[in-house]
Each structure stands twice: as C-alpha cells, then as structure tokens.
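Just below is one structure, and these are the notes that go with it.
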Amino acid sequence: MSANSLPEGAAVWHSLEVDKALDLLDSNADSGLTPQEIQQRLQKYGPNELEETAGRSTWEILLDQFKNIMLLMLIGVALISGFLDLMALRAGSLKPGEVPFKDTIAILAIVILNGILGYVQESRAEKALAALKKLTSPLVRVIRDARLVEIAAKELVPGDVMLLEAGMQIAADGRLIEQSNLQVRESALTGEAQSVNKQATLKLPEETDLGDRLNLVFQGTEVIQGRAKVLVTNTGMTTELGKIATMLQSVESEPTPLQQRMTQLGNVLVTGSLILVAIVVVGGVIKDGGFKNIQELLEVSLSMAVAVVPEGLPAVITVTLALGTQRMVRQNALIRKLPAVETLGSVTTICSDKTGTLTQNKMVVQSVSTNNKTFRVTGEGYAPTGDFQLDGQKISLEQSPEISALSVACAVCNDSVLQKEQGEWAILGDPTEGALVTLAGKAGIEKDQWNSKLPRVAEFPFSSERKRMSVISQVEGVATGEASSRGVDPAIANFLQSEPYLMFTKGSPELTLARSTQIHLGNHSAPLTEEQRQKILAENDQMASKGLRVLGFAYKPLAQIPPEGSDETSEQGLVWLGLVGMLDAPRPEVRAAVQECRDAGIRPVMITGDHQLTARAIATDLGIAQEGDRLLTGQELQRMTDQELEQNVDLVSIYARVSPEHKLRIVQALQRRGRFVAMTGDGVNDAPALKQADIGIAMGITGTDVSKEASDMVLLDDNFATIVSATKEGRVVYTNIRRFIKYILGSNIGEVLTIAAAPLIGLGGVPLTPLQILWMNLVTDGLPALALAVEPPEPDVMQRPPFSPRESIFARGLGSYMIRIGIIFAIITIALMWWAYQHTHAPGYQGNRDAWKTMVFTTLCIAQMGHAIAIRSNNRLTIEMNPFSNIFVLAAVVVTTILQLMLIYVPPLRDFFGTHYLTLEELGVCIGFSALMFVWIEAEKIFLRIMGKKAV
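If you count by this note's numbering, then the sequence shown holds residues 28 to 979, one letter each, in order.
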C-alpha cells in the first residue's frame with residue numbers, strides 16, 4: 028500500500044490485529060520504512076508538529092483599543108480643540124498667560140492611557156498551545172531500513188517503528204507491536220492519575236473509550252516502566268494531542284458581560300452626546316440668526332463631548348477588578364484574566380470534577396466486613412486515627428480479633444508508605460494502598476513494625492489480567508525455631524501451625540473469593556460454605572452500590588517460597604479474611620458550599636470519569652443530586668445528537684464515565700440553553716472545554732500547564748468551596764461597579780446639561796473648559812469612585828439568584844437613577860450658575876467677571892462629594908451607617924475637596940486650570956448649593972422607605 032492510500036482515521040487502530048495494522052501502513056516490524064517511503068510520507072503528512080493558526084499581532088491588539096467609540100469621540104474633540112487653538116494662536120487672540128493646546132494634549136494623554144490600559148489587559152497571549160507543544164518529545168529511537176537510529180521527533184511519519192522504554196515521553200500515537208510490562212501515565216490526556224498497563228495482543232471493539240485503548244500509546248504521555256515496540260499510526264495534528272490543539276484553536280473567545288455592557292454604555296453616551304450637541308448648535312444658530320457665534324457654539328460642543336465621556340471609568344474598573352483579584356488570591360483563587368473577576372458574579376451553573384475538587388483526592392476506608400459483620404470506620408484523610416463502629420456503637424479490637432488479622436494483611440500486602448510532613452499525614456505511593464495503611468494504623472498495626480515481623484521474601488505483582496497481588500513474608504519467630512505461641516505476634520498466631528511463610532493476597536473480591544476454600548473466624552479458620560460465599564458476594568454488591576471501591580483479602584500458610592511464575596497454582600486454597608470498602612471521601616466543607624450555591628440560584632453539576640455508582644453516592648451525599656435524579660454516562664452521551672443533549676442538559680446533575688472531550692459538548696449545550704457556565708478541569712484535553720466555558724477553572728495542584736493556560740482562573744487548593752467564594756466576590760465586584768457607574772454618570776449628565784444650558788439661557792461663554800471637565804471626571808469623580816469600589820458586600824449577596832449576564836448596564840433602575848440624579852445635579856447647578864452670573868456682573872463687583880464659571884466648577888465638584896457619601900447604600904440613611912466601615916470614602920472626600928480648593932487658591936494651579944479667586948462668601952454659597960445634592964438623595968431614601976420600595 029502506498030503512502031497516498033494510508034488510512035486517515037485513528038478510530039480503527041485499536042480494533043485491528045498487529046499484522047493487519049502493519050499491512051495497512053505498509054511497514055515491517057523488524058526493518059521499518061525505507062528512506063524513499065519516509066520521504067513520500069513526510070511530503071504527504073508533513074512534520075510531526077502541532078500547527079498554530081495565526082492570531083492577532085501586537086499592533087492589531089493595540090490599534091483595536093482605539094476603535095472604542097468613546098475614545099474615537101475624544102480623539103475628534105482633541106483635534107477640533109487643537110484646530111481652534113491654532114486659529115487663535117495665528118489670530119493672536121489668546122488670553123495673557125494662556126497655554127495653547129493644553130486641552131488637546133490633556134485629552135490625547137487620556138486617550139493614550141486608556142488605550143494602553145486596554146492593551147495590557149488584552150495582550151496576554153494564549154499560551155495553551157505553547158504548553159501543549161512542551162508535551163512532545165524532542166528525540167525518538169526508531170527502526171529504519173533495518174537499522175536502529177535516533178531522529179528528531181518532528182521527522183516521524185505514519186508507519187515508522189518506534190522503540191519505547193521507561194522515562195521516555197511518547198512522540199506520536201501508535202499501535203503496540205510488542206511490549207514487556209509496559210505502564211504508561213496518561214493523566215495529561217485522560218485526567219486519570221493511575222498509570223495504565225498496556226497490552227499489545229489485545230483487539231478491542233471500535234467504540235472503546237480513549238482511556239481503555241490498552242493496545243495504543245499516545246503522543247504526550249509518559250512511559251513509567253517496561254519497554255515496547257510501537258507502530259506509529261498518527262503524527263502532528265492527527266494525533267489525539269493534535270485534535271485537542273485543533274479544538275483549542277477553534278474555540279473563539281466571546282466578550283465578557285462587563286465588556287458587552289461597557290460597549291453598550293459607550294454607544295448610548297456618545298449617541299446621546301451627539302444629539303445634545305446638535306440641539307445646542309442648531310438652537311444657538313437659530314437664536315443668533317446665523318453663524319456669527321459658531322466658535323463659541325463649537326467650544327460648548329467640545330466641552331459637552333468631553334463631559335459625557337467618563338474618562339476615569341476604565342481606570343476605576345481596572346483597579347476594582349485588580350483589587351478583586353487580590354482578595355480572591357487570599358481565598359486560593361488565582362485570576363488569570365482580569366474581566367473574569369466580574370464574570371464570576373454572573374455564573375448560573377458550576378460544572379465540577381469529582382476527584383480532588385468535590386472530594387479530598389484521598390482514598391479513605393469507610394467500611395470493613397469480616398466474619399459476617401460489617402463495621403463502619405471513622406476518620407478523615409490519611410490520619411491513622413479513627414474508630415470501628417458496629418450498629419453505631421464503638422467496638423474494641425479485643426471484641427473482634429478478625430479486624431486485627433485483616434489489618435495485618437492491609438499493612439503487609441502493600442507498597443505505599445504513610446508519613447507525616449509539616450503536620451499533615453501524606454502517602455508515598457498508590458492512594459488505594461495508602462488507605463489500607465491508614466486503616467491498619469487505626470487498628471494499631473504499624474506497617475514499619477510488621478515489615479520487620481513479616482519481612483517480604485517474594486511477591487506476585489498486580490496485573491490487570493489477574494486483578495490481584497500477593498506478598499510472601501517470612502514469619503520471623505517460626506524461622507528461628509521458636510514456638511509459634513511464643514515467637515509470633517498474637518494477631519497472626521492463629522494463621523499458622525508450623526509453616527515458616529505466610530502469603531497475603533488482595534484484589535478483586537470475586538476472584539479472590541473464588542480461590543478461597545476456608546474462612547477466618549475469630550481465632551480459627553473453618554471451611555468456607557456456599558452460604559457464607561453468597562453472603563460475602565451480597566455484601567460486596569451492597570458496598571459497591573454505595574459507590575465504594577471494594578477489595579478482598581485472604582492469606583495462606585506456606586511451607587516454602589513458591590517459584591516465580593507459579594501464581595496460578597500458589598494462589599489456590601486461600602483462607603478468606605474479609606472485605607474492605609473505600610471511597611475518595613467528600614471534602615467536609617463542600618456540603619455547605621453546595622448549599623450556598625443553591626441558595627444563590629447556582630446549579631452545581633458533577634462531571635467525572637469515575638463509575639456511575641460512585642458518582643451518584645458522592646453527588647447525593649453532597650446535595651448535588653437527589654435520590655432518583657437522572658445520571659448520564661459517557662456512552663449514552665456519545666450516542667446523543669447535539670439537539671438531544673441540549674434538551675436533556677438541564678435535567679442532568681451527574682455525568683459519569685465521561686471522557687474530558689465530552690466536557691466541550693456539555694458546555695456548549697448549556698450555553699445554547701442560555702446558561703452561564705463555570706467549568707473545572709485539569710487534564711490536557713480539558714483545555715478546549717475550559718476555553719469554551721464562560722469561566723474556565725484549572726486545578727492549581729493537579730492541573731497541567733495546558734489546562735492552566737486555557738483557563739480564566741486557577742484553584743490553588745483544587746477545592747470546590749473556593750469556586751463558591753470566588754463567585755461571591757464576583758457578585759460584590761459587579762455590585763460595586765454598578766454603584767460607581769451610577770455615581771460617575773449621574774454627575775456627567777449634570778455636567779452636560781449645565782454646559783448645554785449656558786448659551787441657551789443667554790450666559791456669555793462656556794462655564795467649563797475641557798481641562799476642568801477632565802479634572803472632574805478623573806479626580807473628583809475618580810478618587811471617590813475607587814473608594815466605592817471597596818465597599819463591603821451586602822448581607823444578602825449570596826441569597827439571591829445571579830443577575831442575567833445579558834442584562835443591560837442600565838437594568839434594574841440604574842438608567843433612570845442616572846437621568847434623575849443628573850437632572851437634579853443640573854437644576855441645582857443651573858440655579859447656582861444663574862445667581863453667580865448675576866452676582867459677578869452686578870455693578871460694583873470687585874472680582875473677575877468670569878468668577879461665575881469657577882463657582883459652577885466648584886459647585887459641581889463639591890456636590891459630588893455629598894453624592895459619594897450618600898450613595899454608599901441604596902436604602903440605609905447615611906446616619907444609620909458606620910462612617911468607618913469604608914474609611915476610604917471619607918479619605919477620598921477629604922482629599923478631593925482639598926485638591927479642589929487648591930485649584931482656586933494656589934496661583935500656579937489657578938492659572939493652569941483657568942479658575943478665578945473666590946471670596947469666602949462665594950465659596951460658602953457654592954458649598955450650600957452642593958449640600959442640596961446630599962439632602963435630595965437622603966430624602967429619596969426616606970420617600971422610598973415610606974412607599975415600601977427598595978432602591979436600585
């Protein structure tokens with residue numbers, strides 16, 4: 028078969044015999060490919076590399092920042108302002124001491140700063156593909172033209188014969204030709220931590236899940252032990268890793284709710300501003316009967332355009348989100364993408380892994396069955412402390428010596444080590460074996476002591492075919508010629524007569540029981556009856572139905588060490604000890620977190636690769652699902668169309684035996700139903716689902732670099748409760764963003780209306796220059812807004828459903844509040860402006876006749892201070908609140924007021940900002956009018972309280 032007719036799919040290789048696979052790829056297990064065949068296949072399939080699609084360049088990201096409609100309007104204002112200054116400069120009409128182009132420079136500086144701020148947030152390149160590429164091996168050993176050679180991994184082609192050994196990273200997908208004790212860690216690809224025993228001779232059904240394809244190896248996985256010869260079947264983007272890269276690059280990032288709302292806000296503000304400008308210009312032209320005052324009308328228009336844009340808002344939002352990330356880090360949630368802070372507050376569904384997130388990722392023995400009695404075992408994690416309970420009552424080990432006998436088997440037939448590190452009990456080795464060592468410790472059986480009492484002299488290791496392991500130990504007391512009653516520990520004294528060796532066996536309960544002919548009862552053994560056998564199998568089924576992983580234990584006295592490879596004959600005639608049932612126990616804090624989710628209107632969903640019985644047991648225990656709730660398995664999901672999945676996705680709270688690639692379909696189905704989804708993941712092939720989710724959450728402890736780079740948030744403690752805490756923080760951030768948007772835009776509307784009113788009521792000149800408006804928007808609005816951003820959460824923040832991520836920024840009365848307060852601002856300021864104009868133009872006035880403009884400027888600024896104090900709560904009066912619960916608001920009000928007074932009374936600042944000296948009487952009038960703003964907002968709260976309504 029030529030290279031041009033090679034099979035394109037990877038789905039069939041595990042269902043083929045080795046010879047058939049070699050034939051399809053026209054390769055030879057002993058000699059490999061010829062140089063000519065290699066060249067042809069390189070041309071057809073290309074190098075064995077992951078290809079990256081072109082993304083936006085740095086310049087494109089930077090230029091995109093200046094496509095924002097508000098920044099475009101400011102750029103237009105800056106250019107027109109510069110043009111007017113240039114005309115005045117040429118005509119020599121500048122006032123003495125006036126600096127030309129200062130408005131233009133200030134506005135452009137704001138534009139550039141906002142552009143840079145947006146660029147810094149957005150320019151973090153997606154590094155998920157780069158992390159994916161790190162999983163590929165640089166060099167590989169192959170057989171080519173009957174010679175063993177070492178080549179660069181990118182030169183591999185389908186049909187190559189690749190050699191593997193322990194410690195190697197696999198460079199391409201392949202079909203095993205032959206193998207010897209090959210174990211491969213596939214956790215990066217499948218998410219399963221345990222290594223997989225591979226077998227070349229298997230021929231599997233086509234529908235076999237990826238994690239169960241025991242005759243294949245995959246790119247990016249690691250050889251733990253053994254060696255193998257592999258036929259390369261897929262390279263580059265056709266490997267399983269390549270498919271993940273394709274999915275990763277096909278997922279398009281959607282704008283976050285906050286970004287969508289800010290775009291909407293900009294469109295509304297700019298449209299409203301342009302309409303007002305048109306009204307003022309057209310009204311002015313009609314009033315003047317021509318264009319004789321067009322320059323003055325243009326200056327008014329420029330001031331209005333600057334006033335409507337909240338120049339400080341992007342910076343305030345960025346700082347608010349950054350402060351939110353700091354608070355979240357203290358709660359073990361690391362935010363990688365800043366807008367994700369607020370996005371968390373909109374989450375309606377949390378899809379969580381089971382292992383390590385909902386559970387402790389520590390196997391803990393829950394139940395022990397010996398001598399027809401089932402004991403409950405208490406204790407947390409790997410700590411060797413706990414009780415054995417029968418019918419709810421604690422029992423002593425003297426009452427049930429079978430427990431001590433079973434515990435000796437747990438400790439001796441075991442390769443893991445229990446140790447204490449920095450005050451925490453931890454396991455070196457397999458978690459299942461760790462649970463058994465801990466169980467033995469609870470029974471007072473210490474593994475180290477028993478290793479010396481029963482030193483291991485031989486073993487029959489575990490294999491996936493045998494589903495059991497056996498350890499042969501020498502009985503020290505007997506070996507030295509001492510009587511068993513004197514030299515052997517009482518826990519095993521009844522195991523022996525005169526035999527010098529003991530074999531302990533553990534494994535599949537059914538298979539271990541089938542090889543047992545006797546049963547250990549109390550202090551003796553007796554023949555195993557068929558009735559006892561059926562009771563043990565029934566107890567095994569009962570434990571398994573609760574989601575427990577069950578192991579069976581037995582022993583056998585031996586007169587001599589059995590020869591290697593004699594496991595089939597040696598592991599017969601065993602004495603049955605009992606059953607041990609264990610579970611990856613739920614984290615104790617997760618139950619409360621799940622309940623908090625439900626109270627907050629958030630639906631938790633469990634997605635796991637584990638068995639459906641285990642998944643249901645954990646989900647029911649934690650409150651994620653109720654008895655009888657629907658469970659969907661990976662195979663059922665595989666048979667569903669996207670439409671069928673979408674119809675069922677709101678009804679399913681547990682997904683079991685699900686491979687990580689199914690997660691992408693689950694996320695997309697939920698999103699099509701209008702849900703806002705947070706998804707957890709840790710494996711490489713979780714990355715597309717993490718990127719697709721509205722909030723992708725990677726595991727900080729067990730997660731791969733690829734999953735972390737594709738995520739929005741990393742859980743530093745891999746804990747579900749941390750997600751709930753982060754969601755609460757997201758809600759607080761969004762509430763505070765709405766609070767300071769109300770604060771900022773209410774005053775902006777007041778500024779616009781005041782500026783527009785000046786020419787229409789016949790006052791000469793523009794009351795505020797663009798520079799003064801920038802000062803208000805950046806300083807007198809910005810500093811208190813930052814202080815409002817750290818306002819503590821309302822008590823009921825997690826007692827209500829999430830607000831729709833698609834709601835308008837003006838929803839729930841915010842728009843009407845801004846217009847209402849803006850109009851009140853304008854009425855107060857216009858009344859002050861009329862009085863001030865008459866006051867400064869009265870006969871005999873000693874000051875500068877333009878001082879009325881400074882009074883308008885000062886009134887607007889100080890009125891905002893009262894607004895900041897009053898807006899801290901929507902419903903409580905200021906006198907009802909602790910003024911020191913947010914000390915930053917008080918500090919911002921004091922500092923901003925002092926800065927405003929410096930613009931009036933410090934000569935250099937007065938000259939630069941174009942203000943005029945005010946007398947104490949004039950300043951008092953300004954403060955009096957400003958206080959009316961505070962009085963109005965407090966009066967609104969009282970009115971709403973009387974009417975029984977709740978404010979925005």
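By construction, the Cβ of each residue, glycine as well, lies at the ideal position given by its N, Cα and C atoms.
Candidates L424, E192 and E213: closest to S207 by CA position:
Walking along the sequence shown from the start, residue 207 turns up at place 180. If we check each option's Cα against that of S207, E192 comes out closest.
Who pairs with P613 in a beta bridge, going by DSSP?
Residue mapping note: residue 613 aligns to position 586 of the sequence shown, counting from 1. BP columns for P613 point to T386.
In whole angstroms, give me the CA-to-CA distance for G119 and D112.
The sequence position of residue 119 within the sequence shown is 92, counting from 1. The sequence position of residue 112 within the sequence shown is 85, counting from 1. So the two alpha carbons sit approximately 10 angstroms from each other.
Keeping to the same chain, check which residues put their C-beta closer than 7 angstroms to that of S912; ignore five residues upstream and five downstream.
If you number the sequence shown from 1, residue 912 lands on position 885. Around S912: P819.
Would you mind giving the Cβ-Cβ distance between M633 and M390, rounded to the nearest angstrom? I have them listed as a contact below 8 angstroms.
Along the sequence shown, one-based indexing puts residue 633 at 606. Along the sequence shown, one-based indexing puts residue 390 at 363. M633 to M390, Cβ: 18 angstroms. No contact.
For P517, which of helix, strand or coil comes out of DSSP?
As a first step, residue 517 is located in the sequence shown; it is residue number 490 there, counting from the start. It is helical.
Residue(s) in a DSSP beta bridge with G951:
Taking the first residue of the sequence shown as position 1, residue 951 is located at position 924. Note: G951 sits in no beta bridge, so no partner.
Buried or exposed: which applies to S843, given that a residue is buried once 16 or more other Cβ atoms fall within 10 Å of its Cβ?
Working through the sequence shown from its first residue, we reach residue 843 at position 816. Label assigned to S843: exposed.
Leaving aside the five residues before and after S443 along the sequence, list all residues of the same chain whose C-beta is less than 7 angstroms from its C-beta, in chain order.
Translated into the one-based positions of the sequence shown, residue 443 becomes position 416. Counting only Cβ-Cβ distances below 7 angstroms, and skipping sequence neighbours, we find I454, L455, G456, D457, E460, G461 and V464.
Neighbour-count burial assignment, T668, 16 or more Cβ in a 10 Å radius
Taking the sequence shown and counting its residues from 1, the one referred to as residue 668 is at position 641. Exposed is the call here.
Could you tell me the alpha carbon to alpha carbon distance between V883 and R288, rounded to whole angstroms?
Taking the sequence shown and counting its residues from 1, one reaches residue 883 at position 856. Taking the sequence shown and counting its residues from 1, one reaches residue 288 at position 261. The alpha-carbon atoms of V883 and R288 are separated by roughly 32 angstroms.
Are three or more beta carbon pairs between the stretch 556-572 and the stretch 536-547 nearer than 8 angstroms?
Verdict: yes, contact present.
Taking the continuous beta strand (DSSP E) assigned at C378, which residues delimit it?
By 1-based counting over the sequence shown, the position of residue 378 is 351. Residues T376 to D380.
Return yes when the Cβ of V435 is within less than 8 angstroms of the Cβ of A520, no when it is not.
Here residue 520 refers to the residue found at position 493 of the sequence shown. Here residue 435 refers to the residue found at position 408 of the sequence shown. No, the pair does not count as a contact, with Cβ atoms beyond the cut-off.
Which term fits K314, buried or exposed, when burial requires 16 or more other beta carbons within 10 angstroms of its beta carbon?
The sequence position of residue 314 within the sequence shown is 287, counting from 1. Counting the other Cβ atoms within 10 Å of the Cβ of K314 gives fewer than 16, which makes it exposed.
Could you tell me the distance, in whole angstroms, from the CA atom of I964 to the CA atom of I898?
For the purposes of this step, residue 964 is taken as residue 937 along the sequence shown, with counting starting at 1. For the purposes of this step, residue 898 is taken as residue 871 along the sequence shown, with counting starting at 1. Straight through space, the alpha carbons of I898 and I964 are spaced by roughly 8 angstroms.
Within its chain, find whatever has a CB closer than 8 angstroms to the CB of D46; leave out the 5 residues flanking it on each side and keep chain order.
If you number the sequence shown from 1, residue 46 lands on position 19. So the list is empty, once near-sequence residues are dropped.
When the Cα atoms are used, what is the spatial distance from L697 to L243?
Taking the first residue of the sequence shown as 1, we reach residue 697 at position 670. Taking the first residue of the sequence shown as 1, we reach residue 243 at position 216. When rounded, the distance between both Cα atoms is 33 angstroms.
Three-way DSSP call (helix, strand, coil) for A467 in this model:
Locating residue 467 in the sequence shown gives position 440, where the first residue counts as 1. In the structure shown, the three-state DSSP call for A467 is helix.
Output needed for T731: all residues of its chain with C-beta closer than 7 angstroms, excluding positions within five of it in sequence on either side, in chain order.
Position 704 of the sequence shown, counted from the start, is the residue given in the question as residue 731. If we look at T731 and ignore the five residues flanking it on each side, its Cβ neighbours are A215, D709, G710 and V711.
In this structure, how does DSSP classify G36 when only helix, strand and coil are distinguished?
By 1-based counting over the sequence shown, the position of residue 36 is 9. The pLDDT assigned to G36 is 48, lower than 50, so where the model puts this residue is not dependable, and the model offers no usable value.
Could you please give me the residues that DSSP links to H551 through a beta bridge?
The residue labelled residue 551 in the question sits at position 524 within the sequence shown. L548, per the DSSP bridge assignment.
A367 by DSSP, collapsed to three states: which one?
In the sequence shown, residue 367 corresponds to position 340, counting from 1. Secondary structure at A367: helix, using DSSP grouped into helix, strand and coil.
Take A918 and list the residues in its own chain whose beta-carbon comes closer than 8 angstroms to its own, dropping the five residues that flank it on each side.
Here residue 918 is taken as the residue at index 891 of the sequence shown, counted from 1. Counting only Cβ-Cβ distances below 8 angstroms, and skipping sequence neighbours, we find A814.
Residue from E326, T807 and K583 with nearest C-alpha to T596:
If you number the sequence shown from 1, residue 596 lands on position 569. Taking the Cα of T596 as reference, the smallest distance to any Cα among E326, T807 and K583 is reached at K583.
Just the C-alpha distance for K690 and D380, rounded to the nearest angstrom, thanks.
In the sequence shown, residue 690 corresponds to position 663, counting from 1. In the sequence shown, residue 380 corresponds to position 353, counting from 1. Taking the straight line from one Cα to the other gives about 10 angstroms.
Is it buried or exposed for Q449, if we count other Cβ within 10 angstroms and need 16 for buried?
If you number the sequence shown from 1, residue 449 lands on position 422. Classification for Q449: exposed.
K755 and V817: beta carbons closer than 8 angstroms?
By 1-based counting over the sequence shown, the position of residue 755 is 728. By 1-based counting over the sequence shown, the position of residue 817 is 790. In this structure, K755 lies away from V817, with their beta-carbon atoms at least 8 angstroms apart.
Rounded straight-line distance, which links the Cα of K533 to that of T507
Mapped onto the sequence shown, residue 507 falls at position 480. Mapped onto the sequence shown, residue 533 falls at position 506. Caution is warranted here: a pLDDT of 40 is assigned to T507, below 50, making its placement in the model unreliable, and no coordinate value can be reported.
Note down, in chain order, each residue of its chain lying with its Cβ closer than 8 angstroms to the Cβ of I306, except the 5 sequence neighbours on either side.
The residue given as residue 306 occupies position 279 in the sequence shown. So the qualifying residues of the chain are A783.
To the nearest angstrom, report how far apart A173 and L466 are at their CA atoms.
The residue labelled residue 173 in the question sits at position 146 within the sequence shown. The residue labelled residue 466 in the question sits at position 439 within the sequence shown. Distance between the alpha carbons of A173 and L466: 54 angstroms.
Tell whether a beta-carbon distance below 8 angstroms holds between K769 and M892.
Locating residue 769 in the sequence shown gives position 742, where the first residue counts as 1. Locating residue 892 in the sequence shown gives position 865, where the first residue counts as 1. One thing to note: K769 has its Cβ no nearer than 8 angstroms to the Cβ of M892.
So, at 6 angstroms on beta carbons, what are the nonlocal neighbours of Y682 in its own chain, with the 5 sequence-adjacent residues on each side left out?
Numbered from 1 along the sequence shown, position 655 holds the residue referred to as residue 682. Same-chain partners within the cutoff: I634 and L659.
Is T886 near F956, with beta carbons less than 8 angstroms apart?
In the sequence shown, residue 886 corresponds to position 859, counting from 1. In the sequence shown, residue 956 corresponds to position 929, counting from 1. In this structure, the beta-carbon distance from T886 to F956 falls below 8 angstroms.
Roughly how many whole angstroms lie between the Cα atoms of L604 and S222?
Walking along the sequence shown from the start, residue 604 turns up at place 577. Walking along the sequence shown from the start, residue 222 turns up at place 195. Near 28 angstroms, if we compare the C-alpha coordinates of S222 and L604.
How many angstroms separate the CA atom of L268 from the CA atom of N55?
Reading the sequence shown from its first residue, position 241 is the one you call residue 268. Reading the sequence shown from its first residue, position 28 is the one you call residue 55. If I take the Cα positions, the gap works out to 26 angstroms.
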